[in-house]
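Working notes, beginning with the structure itself.
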Amino acid sequence: MKKIILVFILTTNTLFSQNSDRTCEILNKINVLIQTEHVRPKPVNDSLSMFVFDNLINELDPSRNIFFLDEYNEMSQKYRLNLDDLILQNDCSFLADINSKYKAGLLRTKAVLQKIQAEPIDYTKKDTIRFYKKAFAFYLQKENLEKVWVKKLRYQILDDIAETSDNLDSIKSNFKSIESASKNMILTNEICRINTLLEEKSTQEEKLYNFFCTYFDPHTAYFSDDSKSSFVASLSKEHLSLGMTVNLNEKNEIIIDEIDPNGPAFKTGQIKKGDQIVSVSNQKETLQVSCASLESVSTMILSESNKNIVLTLKRNSGKSFDVYVEKQVMKDEDNSVFSFIIGKDSKIGYIKIPSFYADLDGNSRKGCADDVAREIIKLEKDNIKGLVIDLIDNGGGSMEEAIKLAGMFIDYGPLSIVVDNKQAASVINDPYKGLIYKGPIVILVNSNTASASEFFSSILQDYNRALLLGSTTLGKATMQTILSLDENKNTDFVKITINKFYRVTGKSHQYIGVTPDVVLPEFYEDVYQKESDFPTAIKNDSLTPFLKYKTYVKRNVIDKIAKNSSVRLADNYYFNDIKKINQKIDQLINVPKSEIPMTLDAIFEQKKVINSLWTEIHTFNDDNNPLDVYNSTVNQFLLGVYPTEKTINQYQIDNLKTNPYLNEAVNIITEFNGYK
-3 MKKIILVFIL TTNTLFSQNS DRTCEILNKI NVLIQTEHVR PKPVNDSLSM FVFDNLINEL
57 DPSRNIFFLD EYNEMSQKYR LNLDDLILQN DCSFLADINS KYKAGLLRTK AVLQKIQAEP
117 IDYTKKDTIR FYKKAFAFYL QKENLEKVWV KKLRYQILDD IAETSDNLDS IKSNFKSIES
177 ASKNMILTNE ICRINTLLEE KSTQEEKLYN FFCTYFDPHT AYFSDDSKSS FVASLSKEHL
237 SLGMTVNLNE KNEIIIDEID PNGPAFKTGQ IKKGDQIVSV SNQKETLQVS CASLESVSTM
297 ILSESNKNIV LTLKRNSGKS FDVYVEKQVM KDEDNSVFSF IIGKDSKIGY IKIPSFYADL
357 DGNSRKGCAD DVAREIIKLE KDNIKGLVID LIDNGGGSME EAIKLAGMFI DYGPLSIVVD
417 NKQAASVIND PYKGLIYKGP IVILVNSNTA SASEFFSSIL QDYNRALLLG STTLGKATMQ
477 TILSLDENKN TDFVKITINK FYRVTGKSHQ YIGVTPDVVL PEFYEDVYQK ESDFPTAIKN
537 DSLTPFLKYK TYVKRNVIDK IAKNSSVRLA DNYYFNDIKK INQKIDQLIN VPKSEIPMTL
597 DAIFEQKKVI NSLWTEIHTF NDDNNPLDVY NSTVNQFLLG VYPTEKTINQ YQIDNLKTNP
657 YLNEAVNIIT EFNGYK
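The opening residue of the sequence shown carries number -3 in our numbering; numbering runs sequentially from there.
Now the structure itself:
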C-alpha cells in the first residue's frame, strides 16, 4: 500500500513540475518577445510581480468570499513581491499552490451553500448591506464563512423577489412561495457554478500569461491558437458562424436572441428565437448553461475551432431537445459597411463603418476601404451634396484599411508619424493620389470610437477635411501585431504593441482621445471605460512638428461652423436631457453607496429607482421631425435582387430617422454648402 501511495505522490509532483516548467517556459518566451519588440518594454521586477499577483487573485475572488484572510496573507507574503524572481528562475509552482488553495476554497464554499440550501433563511434579522465599486480588502474569517454567504444570498433572493412584480403588497402576500422558488434557483445556480469551476480542466495559466502581458500595456495579450483564430475572425467580413446570437432574458436565462434567415441555425428548422439554451457541446466538452456565464457560452458558440455544435434547447419550459448545427461561412453584419441618402432636397450621403475589417487572407477585395469606395460610387450616382461618415462604436480593426481609407479622402501628403521601440520615427504617406470624394464631410464619433477609427478621423480633422461631431474618443494611438512564441509549433502567440502613432501636427491622441470640433453628450459617457482608465496605459506625449501638409479649407471655416452648431444646440432639449440622465447614472454607478437595510421594502425601493432610470433611458427618443432616409438608386435595385436583405435594411432606416447626431450633421453640411 505504501508503494502505491509513494508512486502516486511522485507522479503527481512530476505532473505539477511539468506544468510549472511549461508555464515558466511560455512566460519567459513572452518576456523575451516583449523586451525585444514592445514599443515600451519594462523590466521584470517587483512592480510586475505585484500587478500580476493582485490581478490574478482579484480574478479568482473578486467578491472576497472564497479565500480566508489568513490564506490571502500567506500567499501575499510568499508571492506578491517574488513572482518576478520565481518566473526568471523557472519556478512557476506558485500557480499550482494558488490554484490548490482556490479549489479548496471552492469545495468548502460548496459545502456551506449546500447547508444553507437545506435550511431556512431568517429574513427578520436586522442587517444592512453596502456595495463597493472597486476591489476591496480581504476580510473573510473561517468562523464567518456561513454568515457572509447567508448575507450575500439573502440579498440576491430579495433582489430576485423584488423583480417578480411591480406590486409590493402582492409580493408580500405570496412571499413564501416566491421565496422558495427564488432560493432554490439561486442556490442551485451558485452550486452549479462552483461545480463548473471545480471541473475545469485548465487552471489559471492563460490568465497568468495575460496579466503578465497587460502589465506592459492594456493591448498586449497572450493568444492560444484558438483565441488567436477567433480574434483574427473578428476582423474579417466573413467567418464561420451559426447565424445566431445569444442573450439573457428577464429571468437571467441564456436564450437565442436573433437568428439570421440565411444561416445554418435557421436552416435546421428546429431553432426558434426565444429558445432557452440548456447546454452547449462541441463533442469534446459539454457546458451546462444554467451555471455558466454568458461570456463562456458565447465563446463556445463563436469559437472558430468549434465547427460543429450540439445545442440542447428548451422551448416554453417544455421538454429539452438536441439540435446539431454545422457552422458555415457567413457575412458578418457587424463588419459590413452600408449607406443611405438623407433628404430629397439636401441629398446628404450617409455611410456607416462598424469596424475596420480586412481581407486577411488576401484572396478578395473584401476590406472596409474598398467597401466604402463602392458605397461612395453608388451615392455619387445620385449626386449627393455632402457625406456623413458614422464611426460611432467603431472599435477599430486593421490599420492598413484605415490608411487606405484616409488616403481616399486626402489629395496627397503625410498621414501620420510612427515611432517604434528604437524611438525611430517614420512617416506614413497617402498611398493614393487624388480624392474619391470632394464634397464636405462630417464624421460622427463617440467614447467607443477607438484605435483605427481614431487614426482615420484625426487625419481628416488635421487636414480640415472633415468636421468631427460627438464625444471624445477612447484614446488608443498604438498599433499591435500578432507574433508566434515558437514558429516551429505555432500554438502560442502574443498580440504585442509595437508602434505609437502621432498626428501630422506632432501631437498624439494616445491616452486622451480625439476631441471633436462639436462636442455633444452621449448616454453613459462617465461610465464607458477609456484608455486612461487602464493603470498600465501608455501616457500621452508629443513630437516637435516637422511635417508640411496642405489643409482642405482654412481652419477658421471649420471653427465658425462648429461654433454655430454649438450655439444652435445649446438649448436643445434632447442633449440637455441626456446630461441630466447621465448625472443620475453617475450617481447610481460611480458615487459610493450608503448602506441599505436588508429588507424587502428597502430592496424593492432600490429596484424601483434602478428600473425607473432604465425605463427613462430606453424610452427616451428624439421628437424632432424625422429625417427622410432612403436607399440610393443602386441599393434600391440590389434590394430587389436580394429581398432577404430588406428586413435589416428597414431596421437601419428606422434607427436613423430619429438620430439627433445625424440630424445635426445634416445641418452642418447644409451650412457648409452655403459658404460656397
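Ideal Cβ placement from N, Cα and C applies to all residues, glycine included.
Quick check: the Cα distance between residue i and residue j, rounded to an integer number of angstroms?
{"i": "Lys(-1)", "j": "Leu52", "result": "Low local confidence applies: a pLDDT of 35 at Lys(-1) is under 50, so the model's placement there is unreliable, and no value is given."}
{"i": "Ser480", "j": "Asn486", "result": "6 Å"}
{"i": "Val605", "j": "Asp66", "result": "39 Å"}
{"i": "Asn312", "j": "Ile174", "result": "20 Å"}
{"i": "Lys429", "j": "Gly471", "result": "29 Å"}
{"i": "Val441", "j": "Asp458", "result": "15 Å"}
{"i": "Lys138", "j": "Lys111", "result": "16 Å"}
{"i": "Ile385", "j": "Val438", "result": "6 Å"}
{"i": "Leu11", "j": "Lys310", "result": "Only weak support exists for where Leu11 lies, its pLDDT of 40 falling under 50; the coordinates are left without a value."}
{"i": "Lys653", "j": "Glu483", "result": "51 Å"}
{"i": "Ile372", "j": "Gln583", "result": "44 Å"}
{"i": "Gly101", "j": "Thr469", "result": "42 Å"}
{"i": "Gln506", "j": "Asp162", "result": "47 Å"}
{"i": "Phe4", "j": "Phe90", "result": "Caution applies to Phe4, whose pLDDT of 35 falls short of 50 and renders its modelled position unreliable; the value that the coordinates give is listed next. About 21 Å."}
{"i": "Pro116", "j": "Lys148", "result": "15 Å"}
{"i": "Gly409", "j": "Asp318", "result": "59 Å"}
{"i": "Val293", "j": "Asn278", "result": "11 Å"}
{"i": "Tyr75", "j": "Ser45", "result": "8 Å"}
{"i": "Thr629", "j": "Ile592", "result": "60 Å"}
{"i": "Val35", "j": "Gln419", "result": "8 Å"}
{"i": "Leu79", "j": "Leu103", "result": "26 Å"}
{"i": "Lys143", "j": "Thr105", "result": "12 Å"}
{"i": "Phe208", "j": "Phe405", "result": "40 Å"}
{"i": "Glu21", "j": "Tyr638", "result": "53 Å"}
{"i": "Thr8", "j": "Ala92", "result": "In this prediction, Thr8 has a pLDDT of 38, which is less than 50 and means its spatial position is unreliable; nothing more can be read from the coordinates."}
{"i": "Glu300", "j": "Lys550", "result": "49 Å"}
{"i": "Pro214", "j": "Arg60", "result": "25 Å"}
{"i": "Ser412", "j": "Thr595", "result": "59 Å"}
{"i": "Ile83", "j": "Gln73", "result": "16 Å"}
{"i": "Glu186", "j": "Arg150", "result": "13 Å"}
Buried or exposed for residue i, please, with buried defined as at least 16 other CB atoms from any protein chain shown within 10 angstroms of its CB.
{"i": "Ile267", "result": "buried"}
{"i": "Ile478", "result": "exposed"}
{"i": "Asn631", "result": "buried"}
{"i": "Phe127", "result": "exposed"}
{"i": "Leu154", "result": "buried"}
{"i": "Ser16", "result": "buried"}
{"i": "Glu196", "result": "exposed"}
{"i": "Leu401", "result": "buried"}
{"i": "Thr32", "result": "exposed"}
{"i": "Ser561", "result": "buried"}
{"i": "Glu397", "result": "buried"}
{"i": "Glu660", "result": "buried"}
{"i": "Pro517", "result": "buried"}
{"i": "Glu527", "result": "buried"}
If residue i sits next to residue j, beta carbons under 8 Å apart, how far is it from one beta carbon to the other, in whole angstroms?
{"i": "Val500", "j": "Leu456", "result": "About 11 Å; that fails the 8 Å criterion."}
{"i": "Asn460", "j": "Thr547", "result": "4 Å"}
{"i": "Asp488", "j": "Ser220", "result": "7 Å"}
{"i": "Gly466", "j": "Tyr657", "result": "6 Å"}
Could you say which of the options lies nearest to residue i if we only look at CA atoms?
{"i": "Ile665", "options": "Ile399, Asp341, Asn627", "result": "Asp341"}
{"i": "Gly259", "options": "Asn302, Ser275, Glu322", "result": "Glu322"}
{"i": "Thr216", "options": "Lys148, Gln476, Leu387", "result": "Gln476"}
{"i": "Trp610", "options": "Ala598, Met594, Lys580, Pro588", "result": "Lys580"}
{"i": "Val414", "options": "Tyr408, Gly403, Phe451, Leu387", "result": "Phe451"}
{"i": "Lys381", "options": "Asp57, Asn41, Val662", "result": "Val662"}
{"i": "Asp407", "options": "Leu431, Ala421, Ala398", "result": "Leu431"}
{"i": "Tyr353", "options": "Lys38, Pro593, Leu411, Ser394", "result": "Ser394"}
{"i": "Asn678", "options": "Lys559, Glu202, Glu142", "result": "No information on residue 678 is available, as it lies outside the stretch -3 to 672 that the chain covers here."}
{"i": "Pro531", "options": "Phe47, Pro436, Gly403", "result": "Phe47"}
{"i": "Pro58", "options": "Asp42, Tyr135, Ser538", "result": "Tyr135"}
{"i": "Ala421", "options": "Tyr647, Asn495, Asn69", "result": "Asn495"}
{"i": "Asn627", "options": "Asp256, Asp522, Leu375", "result": "Leu375"}
{"i": "Leu238", "options": "Leu307, Asn536, Glu159", "result": "Leu307"}
{"i": "Ala446", "options": "Gln525, Asp253, Glu601", "result": "Gln525"}
Comparing the CB of residue i with every heavy atom of the ligand COA, is any distance shorter than 7 Å?
{"i": "Leu91", "result": "By its list of ligands, the structure shown contains no ligand whatsoever, and the ligand COA lies outside what it can speak to."}
Kindly provide the ranges of any alpha helix (DSSP H) runs that are 4 or more residues long and lie completely inside the stretch 380 to 411, ordered along the chain.
Entirely contained in the stretch 380 to 411, the alpha helix (DSSP H) runs reaching 4 residues are, in chain order, 395 to 405.
Segments of 4+ residues assigned as alpha helix (DSSP H) that fall wholly inside the stretch 256 to 339:
For the stretch 256 to 339, whole alpha helix (DSSP H) runs of length 4 or above, ordered along the chain, are 260 to 263, 290 to 298.
In chain order, which continuous runs of the beta strand (DSSP E) of length 3 or greater are located wholly inside the stretch 466 to 532?
The qualifying runs are 474 to 480, 488 to 498.
What alpha helix (DSSP H) runs, 4 residues minimum, are completely inside the stretch 94 to 161?
For the stretch 94 to 161, whole alpha helix (DSSP H) runs of length 4 or above, ordered along the chain, are 141 to 158.
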